[in-house]
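Notes follow once the structure below has been shown.
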Amino acid sequence: MEWIGAGAFEGCTGLLTVDAMPSVKAISQRAFFGCRNLRAVPWDETATQLKTIAESAFEGCAKISTLFLPDTVSVLGKTAFKNCESMETVVFGGKIKTIPYECFSNCPALEDVTFKEGLQSIEQGAFSGCPNLNEVTLPDSLVALGQITFSSIKRLHIGSGLVELCHNSLPHSVEAVTLAENNPHFYLSSGSLVDAETETLIWGNGRENLLTFDRSFKAVGEYAFYGCKDLYVITLPEGCEYIGDYAFGGCTKLVEVNFPSTLKTIYDDSFYQCPAAEDMELPQNVEIRK
44 MEWIGAGAFE GCTGLLTVDA MPSVKAISQR AFFGCRNLRA VPWDETATQL
94 KTIAESAFEG CAKISTLFLP DTVSVLGKTA FKNCESMETV VFGGKIKTIP
144 YECFSNCPAL EDVTFKEGLQ SIEQGAFSGC PNLNEVTLPD SLVALGQITF
194 SSIKRLHIGS GLVELCHNSL PHSVEAVTLA ENNPHFYLSS GSLVDAETET
244 LIWGNGRENL LTFDRSFKAV GEYAFYGCKD LYVITLPEGC EYIGDYAFGG
294 CTKLVEVNFP STLKTIYDDS FYQCPAAEDM ELPQNVEIRK
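Numbering (my numbering), first residue to last: 44 to 333.
And the structure:
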């Protein structure tokens with residue numbers, strides 16, 4: 044048998060185990076969807092021909108706790124392992140280039156994820172709703188992170204190849220971010236991530252109460268610090284000229300902002316729902332955009 048058909052075992056809540064199937068090359072969409080008591084995936088990571096795991100193939104398999112994806116697997120479908128409530132560990136094989144939309148979303152027990160070189164992109168929501176992720180190391184081969192890739196994570200290392208990052212790719216609750224020294228696309232300023240080409244701070248370190256910066260930048264991007272509820276006082280560096288829309292929106296404890304003399308432009312919603320907006324003193328000749 045070379046493939047398991049679409050919906051083959053869907054909703055079989057009494058299914059506990061499936062014997063390893065070394066000849067299977069593809070597991071079709073929803074093949075094991077909702078098999079809430081299935082305790083293990085039907086392959087041996089050391090002896091398999093499996094290449095494709097399709098959309099929602101194991102979605103809702105609430106008892107699978109460990110997942111080793113063999114090096115033969117090159118294609119994962121979106122939501123393939125969504126709502127696997129007991130999933131604690133995932134180890135990816137070396138041929139997977141993309142982790143698609145919400146592939147592992149809502150896996151609340153997930154603590155450890157291991158990526159291999161060769162991975163190029165992690166799409167929107169791939170690990171959203173995984174509140175217990177600890178330390179994640181992104182490989183040097185990774186180029187792009189989509190929106191809300193991780194909704195919670197403690198420590199993150201970014202490899203040398205990352206080029207594309209959204210302002211909300213990472214949660215502001217990250218305790219520590221490190222960056223490969225040979226990454227030419229970004230640099231860190233006091234834990235915040237700055238696009239090196241545009242010198243725009245695109246993701247803000249939201250763990251500090253009093254924040255100053257050890258490297259300058261020209262702009263704070265839109266939504267860069269949105270919802271950073273631990274931030275009380277921030278001092279922007281000389282050289283910063285622009286603060287984007289909603290850059291500090293929802294920073295409900297932010298009471299003091301020290302602006303640089305170089306500031307030229309902000310938006311009227313840059314400090315949306317911030318106490319600091321009530322008696323803010325801007326440098327002269329600053330343009331306030333709608």
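All residues carry an ideal CB built from backbone N, CA and C; glycine is no exception.
With 16 other CB atoms within 10 Å as the buried threshold, where does Gly57 fall? As a position in the sequence shown, residue 57 is number 14, starting the count at 1. Gly57 comes out exposed.
When the Cα atoms are used, what is the spatial distance from His210 to Leu231? As a working mapping, residue 210 is identified with position 167 in the sequence shown. As a working mapping, residue 231 is identified with position 188 in the sequence shown. Cα to Cα, the separation comes out at about 14 angstroms.
If I measure Cβ to Cβ from Pro174 and keep anything under 8 angstroms in the same chain, skipping five residues before and after, which residues do I get? The residue you call residue 174 lines up with position 131 of the sequence shown. Answer for Pro174: Pro151, Ser194 and Ser195, listed in chain order.
Per-residue DSSP class, three states only, for Ala97: Residue numbering aside, residue 97 sits at position 54 when the sequence shown is read from its first letter. Residue state, collapsed to three classes: coil.
Smallest Cα separation from Phe124: which of Cys271, Asp114, Ala105 and Pro113? Your numbering for residue 124 matches position 81 in the sequence shown. Among Cys271, Asp114, Ala105 and Pro113, the Cα nearest to that of Phe124 belongs to Ala105.
Would you identify the three-state DSSP class for Asp238, choosing helix, strand or coil? One-based indexing of the sequence shown puts residue 238 at position 195. In the structure shown, Asp238 sits in a strand (DSSP, three-state: E or B).
To which residues does DSSP link Phe75 through a beta bridge? As a working note, residue 75 is residue 32 in the sequence shown. Looking at the DSSP assignment, Phe75 forms no beta bridge with any residue, so it has no partner.
Residue from Glu53, Val156 and Pro113 whose Cα sits closest to the Cα of Pro65: Along the sequence shown, read from residue 1 onward, the residue named residue 65 stands at position 22. Closest option to Pro65, Cα to Cα, is Pro113.
Which residues share a DSSP beta bridge with His200? Taking the sequence shown and counting its residues from 1, the one referred to as residue 200 is at position 157. Answer is Thr180 and Thr221.
Chain D within 8 angstroms of Glu128, Cβ atoms only: As a matter of chain content, chain D is missing from the structure shown, which is built from one protein chain.
Leaving out five residues on either side along the sequence, give the residues of the same chain with a beta carbon under 7 angstroms from the beta carbon of Asn149. Along the sequence shown, read from residue 1 onward, the residue named residue 149 stands at position 106. Excluding positions up to five away in sequence, the list reads Lys125, Asn126 and Gly172.
Which ranges does the beta strand (DSSP E) cover as unbroken runs of at least 3 residues, wholly within the region 115 to 160, from first to last along the chain? 132 to 134 and 155 to 157
Under 8 angstroms Cβ to Cβ from Asn80, same chain only, skipping five residues before and after it: list those, please. For the purposes of this step, residue 80 is identified with residue 37 of the sequence shown, where counting begins at 1. Taken in chain order, the residues that qualify are Thr56, Gly57, Leu58, Leu59, Ala105 and Lys106.
Am I right that Gln163 and Lys140 are in contact with their C-beta atoms under 8 angstroms? What's the rounded C-beta distance? Looking up residue 163 in the sequence shown gives position 120. Looking up residue 140 in the sequence shown gives position 97. That pair is a contact at about 5 angstroms.
Out of curiosity, what's the CA-to-CA distance linking Ala320 and Ile191? Indexing the sequence shown from 1 puts residue 320 at position 277. Indexing the sequence shown from 1 puts residue 191 at position 148. Cα-Cα distance, rounded: 28 angstroms.
Sorted by chain position, which residues of the same chain lie with C-beta nearer than 7 angstroms to Cys271's C-beta, five sequence neighbours on each side aside? Sequence index remark: in the sequence shown, residue 271 carries index 228 (1-based). Correct list, in chain order: His215, Gly247, Gly249 and Cys294.
Could you pull out every unbroken beta strand (DSSP E) segment of at least 3 residues lying fully inside the region 258 to 302, listed in chain order? 276 to 278 and 299 to 301
Name the DSSP beta bridge partners of Leu188, please? Within the sequence shown, the letter at position 145 stands for residue 188. Paired residues: Ile165 and Leu208.
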